[in-house]
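Residue numbers (our numbering), protein chains in the order written: chain V, 1 to 121; chain L, 1 to 121. Every residue, glycine too, gets a C-beta built ideally from N, C-alpha and C. Here the structure is a predicted model, which means the values were calculated and not measured.
Protein chains: 2
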Amino acid sequence: MANTKHALFPEEQVSLAAFAGALAHPARIAIIGLLQERKEVCCGDIVKELPLAQATVSQHLKALDKAGLLHLRECGPKACYSLNCEAIRSFCHSFQCTLGTDQADHSAELEPAADCANRRS
Amino acid sequence: MANTKHALFPEEQVSLAAFAGALAHPARIAIIGLLQERKEVCCGDIVKELPLAQATVSQHLKALDKAGLLHLRECGPKACYSLNCEAIRSFCHSFQCTLGTDQADHSAELEPAADCANRRS
DNA sequence: TTGACTTATCGTATATCTACGATATGCGAT
DNA sequence: ATCGCATATCGTAGATATACGATAAGTCAA
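Shown next as C-alpha cells:
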C-alpha cells in the first residue's frame with residue numbers, strides 16, 4: 001500500500017496478509033467460486049459472468065495469479081485458469097493457526113468487571 | 001476501493017471480501033496474533049509491540065473493529081480489545097466453503113493435452 | 001481544577017487499488 | 001501475409017489505504 005512498512009513485519013504475517021489481500025475483492029471471490037465449480041475456466045467465460053470489463057477481469061486474474069492461487073494453461077489463444085488447490089490449502093492452514101478458530105472461546109473469562117463500563121461502544 | 005462496483009456482486013461475496021480485506025495487512029495479522037495469545041490487550045500495549053505510530057495502530061484497530069472481528073472493553077482511560085471469536089469462526093466457515101479446501105484436488109484431471117503448451121507462464 | 005496519561009480523530013502526503021478504453025500481442029484459420 | 005478472435009498490458013482518472021504528527025477528548029489521581 002502507501003508508504004507501507006510491511007518490511008518491518010515477520011515474513012509469515014506479510015505472507016498471510018498478501019493472501020488475504022488477494023481475496024479482498026468480491027470479483028476475486030467470485031472468480032474463485034467459478035473455478036471451484038467448473039474446475040477450469042477461460043478468461044472470456046469469466047468476463048461473461050462478471051459485471052466488469054475484460055481488462056478489469058484480466059487484472060483481477062493477474063492479482064490472483066501473483067498470489068499463487070491459480071494455475072494457467074494456455075490452449076491456443078485462450079487462457080484457461082484453474083485453482084492451485086495445494087497453495088490454497090497451505091494458506092488456509094496458516095490461516096487457521098493464526099486465527100485460532102479451533103481454540104476455546106475466552107469470552108467467559110472476559111466478563112467486564114463491575115467498575116468498567118463501556119464508553120465509546 | 002476506487003470507483004468500486006461491489007454493489008454489483010452478491011452480498012456473501014462482498015462480505016467475504018470485506019473480511020479478507022480486514023486481514024490484508026501484516027499489522028492487523030499481528031494484532032490478531034497478540035489478541036490470540038494474550039486474550040485481551042489494550043491499545044497502548046499493541047503500540048509497544050508494533051513498529052508503527054499510535055495513530056496508525058488505532059486506525060488498524062478501527063479497521064478490525066469495523067469488520068466485526070473485535071470486542072472492545074473500556075476500563076478507565078484504556079481501551080482493551082479482544083477477539084470476537086464467534087464472528088471469526090463464522091467467517092472462517094464461509095471461507096472454507098468458498099475456497100473449498102476440503103474438496104478433491106482436480107489437478108490430475110487437468111493434465112495439459114499434448115497439443116497445448118504453455119506460452120506466457 | 002489541574003496535570004499526567006490513554007486513545008481516537010483530524011489533516012495531510014503519498015502510494016496503491018479499481019475500473020475502463022485503447023492498444024499490443026499471440027494464435028489459428030484462410 | 002492477413003484476418004478475426006482472445007487476452008494481456010498501457011495509460012489514466014478517481015477513490016481508497018497507509019502512515020504520521022498534531023490535536024481533541026476522556027479518565028484518574030492529586
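- Per DSSP, His71 of chain L is one residue of the beta strand (DSSP E) stretching across Leu70 to Cys75.
- Here the segment 68-81 of chain V lies against the segment 39-54 of chain V, with 3 or more beta-carbon pairs under 8 Å apart.
- Within 7 Å of the CB of Leu64 of chain L, no CB atom of chain V is found; the nearest one sits about 12 Å away.
- When 7 Å is used as the limit between beta carbons, Lys5 of chain L is near these residues of chain V: Pro51 and Leu52, in chain order.
- Within a 10 Å sphere around the beta-carbon of Asn3 of chain V sit fewer than 16 other beta-carbons, which makes this residue exposed.
- At a Cβ-Cβ threshold of 8 Å, Leu52 of chain V and Ala22 of chain V do not count as neighbours.
- The beta carbon of Gln54 of chain V sits closer than 7 Å to the beta carbons of Val47 from its chain, once the five residues preceding and following it are set aside; these are given in chain order.
- Residue burial annotation: Ala7 of chain L is exposed, with fewer than 16 other C-beta atoms found within 10 angstroms of its C-beta.
- Take Glu37 of chain V, set aside five residues on each side of it, and no residue of its chain has a beta-carbon closer than 8 Å to its own.
- Separation of the CB atoms of Ser90 of chain V and Lys39 of chain V is rounded to 20 Å, and the pair is thereby denied contact status at 8 Å.
- For Ala18 of chain V, the enclosing alpha helix (DSSP H) starts and ends at Glu11 to Ala22.
- The continuous stretches of beta strand (DSSP E) do not include Ala53 of chain V, and DSSP gives it neither H nor E.
- Using beta-carbon distances, Ala17 of chain L counts as an interface residue toward chain V, with a partner under 8 Å.
- Boundaries of the beta strand (DSSP E) harbouring Ala79 of chain V: Lys78 to Leu83, taken from the DSSP string.
- For Leu34 of chain V, same chain residues with a beta-carbon under 7 Å away, outside a window of 5 residues either side, are Val41, Ile46 and Glu49 in chain order.
- Taking the beta carbon of His60 of chain L as reference, no residue of chain V falls within 8 Å; the closest one sits roughly 11 Å away.
- In the DSSP assignment, the residues bridged to Cys42 of chain V are V:Cys80.
- In the three-state DSSP reduction, His93 of chain V falls in the helix class (H, G or I).
- Taking C-alpha positions only, Thr56 of chain V is separated from Leu70 of chain L by approximately 33 Å.
- In the three-state reduction of the DSSP assignment, His25 of chain L falls in the coil class, being assigned neither a helical nor a strand state.
- Excluding the 5 residues flanking it on each side, Asn84 of chain V has same chain C-beta neighbours closer than 8 Å at Gly68, Leu69, Leu70 and His71, in chain order.
- Per DSSP, reduced to three states, the secondary structure at Lys62 of chain V is helical.
- Nearest CB-CB separation between Ile46 of chain V and chain L: not below the 8 Å threshold.
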